[in-house]
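These notes concern the structure reproduced below.
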Amino acid sequence: MTDIDQALDWRSNAVDCTTCPQHGQARCGLLRACVQDRYARRIDRFFDWNPALANFYLDHPHFEVRAIAAKHADIFRLPPLLEAEDETVRWNAARRLPERHCLKLRNDPHREVRIRVATRLEGADLAPMLWDPDYYVRLVAAWRVPPALLLSLIQDPEAEVRRVAASRLPVEHLLLLAADPDELVRREVAQRLPADLLVQLRADASWRVRLEVAQRGPRAAAAELAGDPDPLVAETAQQRMLAAVS
């Protein structure tokens, strides 16, 4: 028999229904819905069946009980939980509160909380998270802030973050990433630049970037690429030149 087949509490002791405050008063069942059980699914089911009891378990010694109770408790009881020791409790409280309560969690010590906060905040409230020490927090923020705020990311140490910036920056700022060390960042720039500006990328080290120039750039740039060392770039440029004279 495994642990999951046994009714054990969070201290690994056998669940004793006779000592439970809810014994005989709540809808519950061993191995199915039990607030004393160590397994989150059974605790969750207990509060699904008995949401009115959640307020009484917000200070339970087991963090799983507190975290799940926070999903059902009255909202006015949740703000103090933003200071809880366990990150799951903090987030389950924050996700139900108005956005302004999430502001204090922008610097939460746990990255998972900050990632989730970044999915809720918007605009200027989200902007400080573009400097978060965790790259994934910055990545989530980069997808959600207004494009004009993305200039701070053009020198981000993570290429994936810079690629998001390249995909969303206002067009007038794209050339700031034209010399980025990451090929995929530069390709994103090339795909979004107006055709007349692509001439500046005709000597790029990446054939993918040069291919974009050959496909969309000014005719003079395409002519230069007709002798490109990459056969696909050269062929594309040559076809454009032939189409121009036919």
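Sequence positions in the sequence shown follow my numbering and run 4 to 249.
Don't be surprised by glycine CBs; every beta carbon is placed ideally from N, CA and C.
Terminal residues of the alpha helix (DSSP H) in which residue i lies
i    : result
P234 : P234 to V248
N95  : E90 to A97
R171 : A162 to R171
E186 : E186 to R195
W146 : Y138 to R147
R123 : R114 to R123
F50  : A43 to W52
F59  : That residue, F59, is in no alpha helix (DSSP H); it is neither H nor E in DSSP.
G126 : G126 to L129
For residue i, the nearest candidate out of the options (CA to CA)
i    : options                   : result
E161 : H176, P136 and L178       : P136
R80  : N95, G27, F66 and R30     : N95
A151 : R166, V174, V164 and P101 : V174
R14  : H63, E88 and A57          : H63
R45  : F59, Y60, P24 and E67     : E67
R41  : I71, N58, D51 and Q25     : I71
T91  : K74, R189 and D12         : K74
Y138 : R189, V192 and R114       : R114
DSSP bridge partner residues for residue i (one or two, in chain order)
i   : result
G32 : A36
A17 : L11
DSSP state of residue i mapped onto helix, strand, coil
i    : result
L100 : coil
A206 : coil
Q218 : helix
C23  : coil
L180 : helix
A72  : helix
L152 : helix
R80  : helix
D111 : coil
D250 : Residue 250 lies beyond the range of the chain shown here (4 to 249); nothing can be said about it.
A1   : No answer is possible for residue 1: it lies beyond the span of the chain, which begins at 4 and ends at 249.
C-alpha gap between residue i and residue j, whole angstroms
i    : j    : result
L177 : M132 : 22 Å
G27  : A76  : 21 Å
Q242 : D183 : 29 Å
A168 : L156 : 6 Å
G220 : A208 : 16 Å
A29  : N53  : 7 Å
A130 : A144 : 7 Å
R205 : L228 : 7 Å
V164 : W210 : 22 Å
A43  : L200 : 57 Å
A57  : A97  : 16 Å
C31  : C37  : 6 Å
T122 : L100 : 14 Å
L179 : L153 : 12 Å
I118 : A237 : 44 Å
R190 : R93  : 40 Å
L142 : Y60  : 36 Å
L106 : V120 : 8 Å
V188 : D128 : 27 Å
P234 : S170 : 28 Å
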